[in-house]
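The sequence shown: position 66 = 65 (numbering that gives the first Met the number 0), numbered continuously. The C-beta atom is built at its ideal place from N, Cα and C for all residues, glycine as well. If you're wondering where the values come from, they're calculated on a predicted model, not measured in any experiment. One structure is given below, encoded as structure tokens.
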Amino acid sequence: MASNSKRLIDPIAREAKRLGYVARSALKLVQLDEKFRLLRNKRSVLDLGCAPGAWIQVVHERTRRQGGTCARVLGIDLKEIDRGTLAGLRHVDAARASTMTLDATEARASDLGVETFDAVLSDMMVNTRGLASVDAAASLELAECAVDLAVVRDGGVLAARGDLVVKILEGSGSVEELAKHCKPHFDKVNWFKPNATRSESREIYLVARGRKLLE
Ligand SMILES: C[S@@+](CC[C@H](N)C(=O)[O-])C[C@H]1O[C@@H](n2cnc3c(N)ncnc32)[C@H](O)[C@@H]1O
């Protein structure tokens with residue numbers, strides 16, 4: 000019979016490790032891409048909350064598989080990922096990935112050095128306090144910041160027809176608020192909870208496709 004510690008090993012984390020990903024979150028982006036084909040034809044991607052780098056791995060792996068050359072990725076996080084660590088990650092082509100240690104709530108288009116991105120992905124998460132309504136409100140603030148950077152602030156860094164993915168914690172109307180903020184800017188807005196999300200977690204992803212350029 001398996002020992003208690005063996006039974007407690009998270010199967011998603013084990014699978015992510017087997018596939019060479021640096022965090023279990025990789026499998027969430029894999030599932031988002033399988034469902035919505037988000038990474039198809041994407042040549043440039045902004046990855047908000049990129050540390051420790053698992054989504055960069057997935058973007059490079061899946062975009063390289065489609066076109067031979069992987070998408071250019073810019074990752075932003077409060078935590079630093081040094082070049083050596085990034086270059087050592089499986090699937091990552093360090094010549095086509097860079098990271099900035101920056102608070103995304105303060106980032107401006109001009110900080111990012113690229114005119115527009117084909118996709119903006121936000122897996123950013125606040126340090127939760129364990130109080131559902133407080134955590135949901137803090138997460139809404141971060142999610143709205145991702146939407147602002149993508150489609151509002153300075154005209155937004157997301158290209159026309161581009162796609163946006165934003166993680167948020169459900170609770171106290173946060174999901175409805177975010178959808179309201181987002182809908183005018185996109186052709187389609189969906190919600191998706193990857194199986195790789197822990198069953199007890201309140202996190203969910205907004206998937207907004209086809210940026211409309213508003214007059
Ligand atoms: C769940 S982790 C992201 C995992 C990442 N997608 C991966 O697969 O490796 C959430 C990240 O959001 C970052 N974060 C939280 N608030 C942020 C902010 N204001 N600006 C930038 N990054 C932030 C955290 O530092 C943390 O690394």
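Measuring from the CB of residue i, is there a heavy atom of ligand 1 at a distance below 7 Å?
i: Leu141; result: yes
i: Leu205; result: no
i: Gly129; result: no
i: Val125; result: yes
i: Trp54; result: yes
i: Gly48; result: yes
i: Pro193; result: no
i: Lys78; result: yes
i: Asp32; result: no
i: Ser24; result: yes
i: Asp147; result: no
i: Ala135; result: no
i: Thr196; result: no
i: Pro51; result: yes
i: Ile11; result: no
i: Thr216; result: Only positions 0 to 214 of the chain appear in this structure, which leaves residue 216 out of reach.
i: Ala108; result: no
How would you label residue i, buried or exposed, when you count the other beta carbons within 10 angstroms and need 16 or more for buried?
i: Thr196; result: buried
i: Thr68; result: exposed
i: Leu212; result: exposed
i: Leu177; result: buried
i: Asn194; result: exposed
i: Ala86; result: exposed
i: Arg210; result: buried
i: Gly19; result: exposed
i: Gly172; result: exposed
i: Ile80; result: buried
i: Arg23; result: buried
Could you check how far apart the C-beta atoms of residue i and residue j are, in whole angstroms? I think they sit under 8 Å.
i: Val119; j: Val156; result: 7 Å
i: Leu88; j: Val188; result: The Cβ separation is near 31 Å, so there is no contact.
i: Ala96; j: Lys78; result: The pair is not a contact, with the Cβ atoms about 16 Å apart (cut-off 8 Å).
i: Ser121; j: Ala142; result: 7 Å
Pairs of beta-carbons, one from the stretch 69 to 79 and one from the stretch 21 to 33, closer than 8 Å: are there three or more? Because the criterion of three Cβ pairs below 8 Å is not met, the stretch 69 to 79 and the stretch 21 to 33 do not touch.
Quick one: any contact between the stretch 130 to 138 and the stretch 46 to 60, if contact means 3 or more CB pairs under 8 Å? no
Does the stretch 97 to 114 come close enough to the stretch 159 to 171 to have 3 or more Cβ pairs within less than 8 Å? no
With three or more C-beta pairs closer than 8 Å as the rule, is the stretch 47 to 54 touching the stretch 181 to 188? Contact between the stretch 181 to 188 and the stretch 47 to 54 is absent, because fewer than three Cβ pairs lie under 8 Å.
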